[in-house]
Structure formats: structure tokens, C-alpha cells
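Structure first, commentary second.
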Amino acid sequence: MRHLSFSGEEIIDTISMVRAAKLDIRTITIGVSLFDCVDADCDTLCNNIFNKITHKVRDLSKVSASLSQEFGVPIVNNRIAVTPVSLIAGKSTPDEMVKIAQTLDRIADVLKVDFIGGFSAHVEKGFTEGDRSLLAALPQALASTKRVCASVNIGSTRAGINMDAVAQMGEIIVKTAALTANEGSIGCAKLVVFCNAVEDNPFMAGAFHGVSEGDCVVSVGVSGPGVVLRAIQEARGADFGELAAIIRQTAFRITRAGELVGRTAAARLGIPFGIVDLSLAPTPVEGDSVARILEEIGVEHVGGHGTTAALAMLNDAVKKGGSMASSNVGGLSGAFIPVSEDEGMIEAAANGYITIDKLEAMTSVCSVGLDMVVVPGDTPPQTLSAIIADEAAIGMINKKTTAVRIIPAAGKKVGDWVEYGGLLGKAPVMPVNRSSAERLIGRGGRIPAPLSALTN
Amino acid sequence: MADKTVAPLSGRAIVTIIGSDKVGIIAGISTAIAEAEVNILDISQSVLREFFTMIMMVDLNGAKVSFEELTNQLVAKGTALGVRVEIQREEIFTAMHRI
Numbered sequence: 004m005r006h007l008s009f010s011g012e013e014i015i016d017t018i019s020m021v022r023a024a025k026l027d028i029r030t031i032t033i034g035v036s037l038f039d040c041v042d043a044d045c046d047t048l049c050n051n052i053f054n055k056i057t058h059k060v061r062d063l064s065k066v067s068a069s070l071s072q073e074f075g076v077p078i079v080n081n082r083i084a085v086t087p088v089s090l091i092a093g094k095s096t097p098d099e100m101v102k103i104a105q106t107l108d109r110i111a112d113v114l115k116v117d118f119i120g121g122f123s124a125h126v127e128k129g130f131t132e133g134d135r136s137l138l139a140a141l142p143q144a145l146a147s148t149k150r151v152c153a154s155v156n157i158g159s160t161r162a163g164i165n166m167d168a169v170a171q172m173g174e175i176i177v178k179t180a181a182l183t184a185n186e187g188s189i190g191c192a193k194l195v196v197f198c199n200a201v202e203d204n205p206f207m208a209g210a211f212h213g214v215s216e217g218d219c220v221v222s223v224g225v226s227g228p229g230v231v232l233r234a235i236q237e238a239r240g241a242d243f244g245e246l247a248a249i250i251r252q253t254a255f256r257i258t259r260a261g262e263l264v265g266r267t268a269a270a271r272l273g274i275p276f277g278i279v280d281l282s283l284a285p286t287p288v289e290g291d292s293v294a295r296i297l298e299e300i301g302v303e304h305v306g307g308h309g310t311t312a313a314l315a316m317l318n319d320a321v322k323k324g325g326s327m328a329s330s331n332v333g334g335l336s337g338a339f340i341p342v343s344e345d346e347g348m349i350e351a352a353a354n355g356y357i358t359i360d361k362l363e364a365m366t367s368v369c370s371v372g373l374d375m376v377v378v379p380g381d382t383p384p385q386t387l388s389a390i391i392a393d394e395a396a397i398g399m400i401n402k403k404t405t406a407v408r409i410i411p412a413a414g415k416k417v418g419d420w421v422e423y424g425g426l427l428g429k430a431p432v433m434p435v436n437r438s439s440a441e442r443l444i445g446r447g448g449r450i451p452a453p454l455s456a457l458t459n
Numbered sequence: 040m041a042d043k044t045v046a047p048l049s050g051r052a053i054v055t056i057i058g059s060d061k062v063g064i065i066a067g068i069s070t071a072i073a074e075a076e077v078n079i080l081d082i083s084q085s086v087l088r089e090f091f092t093m094i095m096m097v098d099l100n101g102a103k104v105s106f107e108e109l110t111n112q113l114v115a116k117g118t119a120l121g122v123r124v125e126i127q128r129e130e131i132f133t134a135m136h137r138i
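Protein sequences appear in the order of chains X and Y.
In my numbering, each residue carries its 1-based index in the first sequence increased by 3.
In my numbering, each residue carries its 1-based index in the second sequence increased by 39.
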């Protein structure tokens, strides 16, 4: 054919990636700096925030819908990430912080975006007054908003781990769970505790617009566990080298699609393009599961022995393929292993094949951390803090991002189920180790930065 | 400040028609495309993975309707003919299949 530079096979291949293998652009996220909104008066600050974001992001939903149609690839979410609120509201009281969160929620509503992230603080080395107010406001802010996502960075390779903050986060998570008890403690699903948080992550709940970013930036999170699964299903019997090559090529294609959407969105919105986050982000829909990829690699049930090795290979191959496809790869980039958001994980958790201990081991070789894990409502706050400290230690020592998004579902015990619906999915309540962490968490202070922090 | 690194879109798109072969499919879809004043640059048909598939390359420059309207018209026409019609800008295929 004269003009057609693609074969029919290639065209059908792309269409079936979307239709059969659930390829999607998970999110277009616009990062907005709020530094120029700062004001000593909280109402003026809230007005400034409202006016700036509703102006800058006004076309997001429209542009996203038309790109989705023109390229034939679903764009699942539109999101906003803002400057960590503790940095732009240093004088605010906890009540005023809640007001700011509610302003952000109203903005998300007006603009019809799915989530707005950045109700955040960075306290790895210590607390400012603004940080303290934000932390104190978290339970109420999360309980009184629908679309606001919060994150707190409590550790880093450079600073060590702020164990006072870790202790507080356990208490905050329990309070948030209690305040949102009648919705399965959903408030906790919008709160991430980070070590080595990244500044350009477009994925929720941990997205915020880092201080080193420009005024506004468009970033894209791609997904596609289903596409990877289908590709390796077609290569039964391949050895690990061949498998890695297939995953790399698939990740390359997915990332190229993401970069095209991101750059075109940026051009139409008149906002600079930031990064593609090439994460394999599952959804609870069948055929869109990272767990099923690990099982296809050869683990009978995800969580079984061999899972960590399979995940390490998968994660690395995704990064290699994706980084060749785009000059601007960033964010969290890797495989996500949320429990409630992944159909295969949900099944493995229900049948007891995957445990918190195994998930923790897996986080040392993959993108983030203990994600969307539901534990009994009577889990002591110190135990939650200790789980956070363990994850943070993995991140700190290995110079990687780790995160904890854990839900002590109020009133629920092991074996009960919690259902959120939508992308957040559902999960069985998983058991935690009953050994007490009270003394450990009671110590307070800071775990010093590791030797690996001294790189100069 | 817009992104300078992105090439402008070519205005070409790929129309894919998937379904069982019967009289009038090409005529029906082509008419809908012509009514929108969209030029068909190329057309091919084959059996791919047991589906009867027709692929057209069209030029949207000069179209008198928006991409959205054209999509809706083609999908409606496809439904009436009992086939599935997709229209996508060519850049998505370039991105995924060409280095």
C-alpha cells in the first residue's frame, strides 16, 4: 500500500492490546506549584490556591477525553499534584490545614479530576510548625474529603528515619481508620508513608509537586500488566533471558504510547511535559494483574517461594524497556504490588499464600512497598509504626523509595473483607505478627543516616 | 510555554473495521467518511487472526467535522452494518511499532 506504513498485524496488535489486554494510560497528572499562593491569612491562601489551580488545570478533563478518543487508548484518571501543603501553609493551625484540604477537594470536584495529591509533609529529619499542624490535621482532613491524597515522608537515605514521626504515623493511621470506619476505613487508602519519596510521581496516593519542579508540569503514568501477561503467555517455555527480552519489548511499546499521550497533552495544555512513570499498575479487573504475571513466570501462587526472584526480573525488565522508550522516565517506575487493587493478589491473600512478611520481602526488589494492605482494626498503633519502620529501613539502606499504605479496618478481624470498589478494589483482612513493638517505637529519636549517605 | 519537542500531529488516521464480511461495508463506511469530507488515502482488506479486517488510512486535514463527530458517525455506521469500527491517529501506531 502506498500510504500505509503499518502492517495489518501491527494495527490489530495495538487494538487488541487495548481491547483484550486492558492497556491504558493510568493517569495524566498535572503538577502545580503553590508557592505563589502563599498568604498569612488562611482564607486568602485558600482563594489563591483555588484560583490558580482552576485556571491552570481548567482544560485537563477535556484534553484527556479527546486524546483518549483520538489515540484509541483509555485514559483512566485525571489528577493534580500540588506543592506539599506543609511548605505553603507554615503558619496554619490544624483547623486551617483541614480547610486547605477541603479547598483542594472542592477544586477536584469543580475540575472533575479523580484525585488531588500533595496534602503532604517531609519530616525525615525533623518537624516544622507547619509539618506538625499538617500531621495533626490528617485524620480530619482525610475523613472530610473524598479526593484529597496525603503523604508523609518519614525517612531518607540522606537523613535516616525520624522515629518520632514513625510513631506518630501509627497513631494517625488508627485515628483516620476510626473516623472513616463506616466506609471500611477508606481514609487510610488515601495516605502514604514514604521513605525516599520522589518529587515527580504521578501516581496516587503519593503524588505531590516537588520543590525542584517548575510552575506546572504534565506527567503521565502508564500501565499494562495485561499486555505483559499476554506477551509472556505466548512464550511458554522461554528461559529467563528470553522472558526478560519479551517484557522489555512490551514495556518499550507501552512507554512509547505513554510518552506520545503525555507530550501531546502537554502541547495542548500549554504546559511543559515532565516524565513518564513506567509502572505496571494493576487494577482489580481480571486480566490486569501483576500477580498473574508472576504466576505465569512460574510461581504457582503469588507469595510462594520464588516470588521475589520473579518480581526482581520483571521489575528490572520493565525499567530497561521503558527507559529506552523515553528520555524522561521518572516517578516510581516499576511494578506495583497493591493487594486490594490486584485480582491475583486478592485471591492469594484470601487463600493465605501471600503474607505481610512476603510482601515486605518483595518490596526490596520492586517499585514501592506495602500497598493497600488491610489488617485487623485492633492492630496497635505501635505495630503499624513498626511495619512502617521496617519498610523505611529497606528504602533507606537500599537507596530506593519505599512506602506503606496500610488500613487497620475498624471493627474488622482476620478473614473479614473490606470492599472499596473502583480502582481501590477489595481485600481480605490479613494477619499481623502479634509480637509487641511498644518498646521499639517508644524509644523515639532518629535512626541515623546510613554509611551509604556519605557519598561525597 | 508549550512543549517544543513534540512534533505536530500529521492529521492522518487509521480506520479499522473488524467483523464478518458482507455486502456494503466498504461502501457504507466510505460514504460516511466522504460525507465528512475526509480523504481516503489508502485501503486494504485481509483476514487477520480469523477476523475479516479492513484498514483505511485517511487524511483529516480539511475534514468538516471534528474528530469526535467523525468517530461517532463511524461507530454508528459500523453498528448499523454489524461491524466494529475504530479510528485512531496514526501517531499511536508509529509510537508503538517504529523506533
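Cβ atoms here follow ideal geometry from the backbone N, Cα and C, with glycine treated the same way.
This one's a predicted model, so the numbers in the text were calculated from it and none came from an experiment.
Inter-stretch contact at 8 Å, needing at least 3 Cβ pairs: the segment 220-235 of chain X / the segment 129-137 of chain X: no
Closer than 6 Å: A315 (chain X) CB and nearest the ligand NAD heavy atom: As for the ligand NAD, it is missing from this structure, which has no ligand bound.
Contact with chain Y by A254 (chain X), beta-carbon distance below 7 Å: no
Cutoff 7 Å: F74 (chain X) Cβ touching any chain Y Cβ: yes
Spatial neighbours of L232 (chain X) in its chain, beta-carbon cut-off 8 Å, leaving aside the 5 residues before and after: A24, G290, S292, R295, I296 and E299
Per-residue burial, R256 (chain X) [other beta carbons within 10 Å of its own, 16 or more giving buried]: buried
The segment 311-340 of chain X: positions lying closer than 8 Å to chain Y by Cβ: none
Contact list for the segment 14-43 of chain X against chain Y, Cβ threshold 7 Å: I14, I15, T17 and I18
Pair within 7 Å by beta-carbon distance, L37 (chain X) and I91 (chain X): yes
Check whether G32 (chain X) and P285 (chain X) have beta carbons under 7 Å apart: Note on residue identity: the sequence assigns Thr, not Gly, to residue 32 (chain X). Cβ atoms of T32 (chain X) and P285 (chain X): not closer than 7 Å.
Cβ pair F276 (chain X), G261 (chain X) closer than 7 Å: no
Cβ shell of M207 (chain X) (< 7 Å), same chain only, five flanking positions each side left out: R82, F118, G120 and C152
Beta strand (DSSP E) segment containing H212 (chain X), residue limits: Here H212 (chain X) belongs to no beta strand (DSSP E), and DSSP marks it neither H nor E.
Three-state secondary structure (DSSP) of R29 (chain X): strand
Burial state of G213 (chain X) (16 or more Cβ within 10 Å): buried
Limits of the beta strand (DSSP E) - the one that S67 (chain X) falls within: It is not in any beta strand (DSSP E) - S67 (chain X) instead sits in the alpha helix (DSSP H) that spans L63 to F74.
Beta-carbon contacts of M327 (chain X) that lie in its chain and below 7 Å, excluding the five residues immediately before and after: F255
Contacts that S69 (chain X) makes with chain Y (C-beta to C-beta distance below 8 Å): F106 and E107
Assigned secondary structure, G1 (chain X) (DSSP; H/G/I helix, E/B strand, else coil): Shown here, chain X extends from 4 to 459; a query on residue 1 (chain X) therefore has no answer.
Beta-carbon proximity check, D46 (chain X) vs V79 (chain X), cutoff 7 Å: no
is_contact[A260 (chain X), chain B] using C-beta, thresh 7 Å: Within the model displayed, chain B is absent; protein chains X and Y are what it includes.
Contacts that G11 (chain X) makes with chain Y (C-beta to C-beta distance below 8 Å): S83, S85, L87, T92 and I94
P47 (chain Y) burial status per 10 Å Cβ neighbour count (16 or more: buried): exposed
CA nearest to the CA of G187 (chain X), picked from X:N165, X:M172 and X:K429: X:K429
Beta bridge counterpart(s) of H125 (chain X) as assigned by DSSP: X:N156
Beta-carbon spacing of G372 (chain X), V407 (chain X) below 7 Å: yes
Nearest neighbour of A440 (chain X), chosen from X:A315, X:V169, X:T179 and X:I14 [CA to CA]: X:V169
Candidates X:L63, X:S388 and X:N50, of which the one nearest A1 (chain X) by Cα: Outside the displayed range of chain X (4 to 459) lies residue 1 (chain X), so it cannot be described from this structure.
Exposed unless 16 or more other CB atoms sit within 10 angstroms - verdict on I138 (chain Y): exposed
Proximal chain X residues relative to A115 (chain Y), where beta-carbon distance stays under 7 Å: Simply none; closest approach about 15 Å.
DSSP three-state assignment for L281 (chain X), whether helix, strand or coil: strand
is_contact[A134 (chain Y), chain X] using C-beta, thresh 7 Å: yes
Which of helix, strand or coil DSSP assigns to A41 (chain Y): In this predicted model, A41 (chain Y) has a pLDDT of only 45, less than 50, meaning its place in the structure is not dependable; the value taken from the coordinates is given anyway. Coil, per DSSP.
M4 (chain X) - DSSP class collapsed to helix/strand/coil: Caution is warranted here: a pLDDT of 47 is assigned to M4 (chain X), below 50, making its placement in the model unreliable, and no coordinate value can be reported.
C-beta neighbour in chain X for V122 (chain Y), strict 7 Å: no
DSSP bridge partner residues for A406 (chain X) (one or two, in chain order): X:F197
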